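Residue numbers (the working numbering), protein chains in the order written: chain S, 1 to 371; chain R, 1001 to 1355.
Glycine is no exception: its CB is placed at the ideal position from the N, C-alpha and C atoms.
The structure presented is a predicted model; accordingly, all values stated were derived computationally and were not measured.
Following: one structure in structure tokens, then a few remarks.
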């Protein structure tokens, strides 16, 4: 398939892998920021093609994983109310809150539906004027424009039975939180390609300079990731700390300015709690006052809910690149995709779930072909 | 057999035998045991399924099969929407049960049909479904010999649920995972993922534009050729819910063998691949309704492929993997970029990802 197969070409992959091995002289720790990249790395076994000295650690860029447990509880509280249709992206439904997940509310009779787009939720609001339709607006900068568009459209059409439960997070503040931590061990970043499709990569220049860290905007196919690692290692080996763009087929330096404009019109920057990490200043989006009527937290009176997280789950350490899923004593035993302790085990983009699915154990002679 | 055009009723050379003016929709009385129910059975079901066993209208069908080894199976169908690109709940209910029988190495002979209808179901929809069942059964040369109809209150069903059970005669001793051996080749009958994506594209709230049709089909003819070819087929599995991955993992686990797959050898149509890429789904886990895998001895792989490829629905059959001694119960995949990983069961349905 065009635009897919050429980025999964085994011969090219070997070539990049060989070049990378040639330029690597020391140990380096590189973080891929986005959960989509983590998933691709583990699914395609990209890490098998890296030199032993290069270690990839998995970043906080999985929106499902970092959504704080209290937001899940708020969604559950809202979905349990009569007359509400709660819409969400599919993979949020299985994420455990403090008492259960949205699937269990559906089983108890709640009207919980998964949709592909917030505009589909808006369509449901038009169709069901006797119901309150709430969209669980989760995600990074990538999904923010579509959520902003849904709110704007609702305002234009004066749709009064639509609201969103906002849990938007922003990537650069999370990267800065990792870099400024005393325990940080990340020496280079593969920045999240699709976030940059929207936001561009100008906001990484000050980060690269301040922390002297190379940042390479990287795509999601195996060859994208290999090339991203190559560019990052090359900078590290040469002592450079620049922002480079591997994902040129999708990302422009200034991003999608119409989308950015829309985000600024509807949302304002706010401090946000990250699951497993805690509060990070200026790291989230909330609705502007002018659009406060579409805020589901206000509409359903759940704004004040506070919930503490499970102490056993080490997802916070994993999301900061400080631990590997296999280092967690609960991994694969007390914590599995069927009974997750934390969100990194739930979402298919979560590092723990990816390891569980593709790396529970190593097969013997797995690479041998049919004879 | 693919009826893609949803606006146009399929096989509608027959008009509905229940006068629409009298009963445009199914009522509770159609399941009440009285005159309306008798009308429904005689005018609709008997005219569509017509055969000497059913026509007797006794409590059960009396079948003569002396000394035969039998396979017996049952399955229920709750697909939504009931009409989808490439098929409908009726043909699906026939194909599904036929396929379960043929996968055991049996020639399908007789089916039962249990209908649970929701009050208010348009009579024309019921007629389309019944007609579709009738054509699917005739095409596979099986007879619907007994049945049952119930009507539930509006809101208590999804239009129509169907249960079908089936009896088939084994060609020889039962086949299955117990016969799978190291060295066996694993052959897939064609591209995967079409049924799941076709259904997803028309499901309420998730609609997207697509021309992908379900692969729903009876596998009776191709399996008949395989089972009468003299090839020592070890095991077959149709790849329904959970897709190729789940089917192969189940066989690896029950046969306690390791199965190695090669991703590049697994055919996936470009439009299905595209839909999966957009939705964040893995085609290995997407449902099929007309695909199956065959485990055959290494020496018979070419002949098995030849026989399968003579059939239109299996013309893209391909060798996709091999059984190894290795770790029992494990399925590994050689990825497109030449690395390897394990293939594991999902904990539930695949869910579309956020971004």
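| Item | Value |
| --- | --- |
| Name the chain R residues whose beta carbon is nearer than 7 angstroms to that of residue 1(S)? | 1270, 1273 and 1274 |
| How should residue 6(S) be labelled, buried or exposed, when 16 other C-beta atoms within 10 angstroms of its C-beta is the threshold for buried? | exposed |
| At a Cβ threshold of 8 angstroms, is residue 90(S) touching chain R? | yes |
| Please decide whether residue 374(S) counts as near chain R, where near means a Cβ-Cβ distance under 8 angstroms. | Nothing can be reported for residue 374(S): it is not among the residues displayed for chain S, which extend from 1 to 371. |
| Using a Cβ-Cβ cut-off of 7 angstroms (strictly less than) and excluding sequence neighbours within five positions of residue 368(S), which residues of its own chain qualify? | In this prediction, residue 368(S) has a pLDDT of 39, which is less than 50 and means its spatial position is unreliable; what the coordinates show is noted afterwards. Same-chain partners within the cutoff: there are none. |
| Cα separation between residue 1224(R) and residue 13(S)? | 44 angstroms |
| To the nearest whole angstrom, what separates the beta carbons of residue 1189(R) and residue 1314(R), a pair I think is in contact under 8 angstroms? | 4 angstroms |
| Classify residue 20(S) as helix, strand or coil using the three-state DSSP reduction. | helix |
| Measuring only the C-alpha atoms, how far is residue 319(S) from residue 38(S)? | 11 angstroms |
| Is residue 222(S) close to chain R, meaning its C-beta is less than 8 angstroms from at least one C-beta of that chain? | yes |
| What span of residues does the alpha helix (DSSP H) with residue 38(S) cover, start to end? | 35-44 |
| Excluding five sequence neighbours on each side, which residues of the same chain lie with their C-beta closer than 7 angstroms to the C-beta of residue 1002(R)? | Residue placement at residue 1002(R) is poorly supported in this model, since its pLDDT is 41, which falls under 50; the coordinates still yield a value, given next. Answer for residue 1002(R): 1086 and 1213, listed in chain order. |
| To be precise: take each residue of the region 1066-1091 of chain R, compare its Cβ to all Cβ atoms of chain S, and keep it if any distance is under 7 angstroms. Which residues remain? | none |
| Could you pull the start and end residues of the beta strand (DSSP E) that residue 1090(R) belongs to? | Counting along the chain, residue 1090(R) falls outside any beta strand (DSSP E), though it belongs to the alpha helix (DSSP H) covering 1089-1103. |
| In angstroms with no decimal places, state the Cα-to-Cα distance between residue 322(S) and residue 1201(R). | 41 angstroms |
| So residue 1218(R) and residue 1093(R) are supposed to be a Cβ contact under 8 angstroms. How far apart are they, rounded? | About 12 angstroms; that fails the 8 angstroms criterion. |
| Answer yes if the region 212-224 of chain S comes into contact with the region 239-253 of chain S, meaning at least three C-beta pairs across the two stretches below 8 angstroms, and no otherwise. | yes |
| Counting only beta-carbon atoms, is residue 1338(R) nearer than 8 angstroms to chain S? | yes |
| Between the region 1262-1282 of chain R and the region 1320-1336 of chain R, can you find at least three pairs of beta-carbon atoms closer than 8 angstroms? | yes |
| Using a 10 Å radius around the Cβ and a threshold of 16 neighbouring Cβ atoms, would you call residue 1164(R) buried or exposed? | buried |
| Alpha carbon to alpha carbon, how far is residue 1303(R) from residue 1316(R)? Give it in angstroms, no decimals. | 14 angstroms |
| Relative to the alpha-carbon of residue 1142(R), which residue among 1050(R), 1227(R) and 1215(R) has its alpha-carbon at the smallest distance? | 1050(R) |
| Return the first residue and the last residue of the beta strand (DSSP E) that residue 126(S) is part of. | No beta strand (DSSP E) contains residue 126(S), which is instead part of the alpha helix (DSSP H) from 118-127. |
| Give the range of the alpha helix (DSSP H) segment to which residue 69(S) is assigned. | 69-79 |
| Report buried or exposed for residue 56(S), applying the criterion of at least 16 other Cβ atoms within 10 angstroms of its Cβ. | buried |
| Put residue 1263(R) into one of helix, strand or coil per three-state DSSP. | helix |
| Using 8 angstroms as the Cβ pair cut-off and three pairs as the minimum, do the region 1253-1262 of chain R and the region 1144-1152 of chain R touch? | no |
| By the 8 angstroms beta-carbon criterion, what residues does the region 28-44 of chain S contribute toward chain R? | 36, 42, 43 and 44 |
| Kindly indicate which residue of 1198(R), 1026(R) and 1207(R) has the alpha-carbon position closest to the one of residue 116(S). | 1207(R) |
| Check whether the Cβ atoms of residue 1166(R) and residue 1058(R) sit closer than 8 angstroms, and answer yes or no. | no |
| If you drop the 5 nearest sequence neighbours on each side, which residues of the same chain put their C-beta closer than 6 angstroms to that of residue 1153(R)? | 1119 |
| Since residue 358(S) meets chain R, which of its residues come closer than 8 angstroms, beta carbon to beta carbon? | 1341, 1342 and 1344 |
| Any residues in the region 321-337 of chain S with a beta carbon nearer than 8 angstroms to a beta carbon of chain R? Which ones, in chain order? | 336 and 337 |
| Does DSSP put residue 1153(R) in a helix, a strand or coil? | coil |
| Compute the Euclidean distance between the alpha carbons of residue 1089(R) and residue 1074(R), then round it to the nearest angstrom. | 15 angstroms |
| Identify every residue that forms a DSSP beta bridge with residue 1108(R). | 1168(R) |
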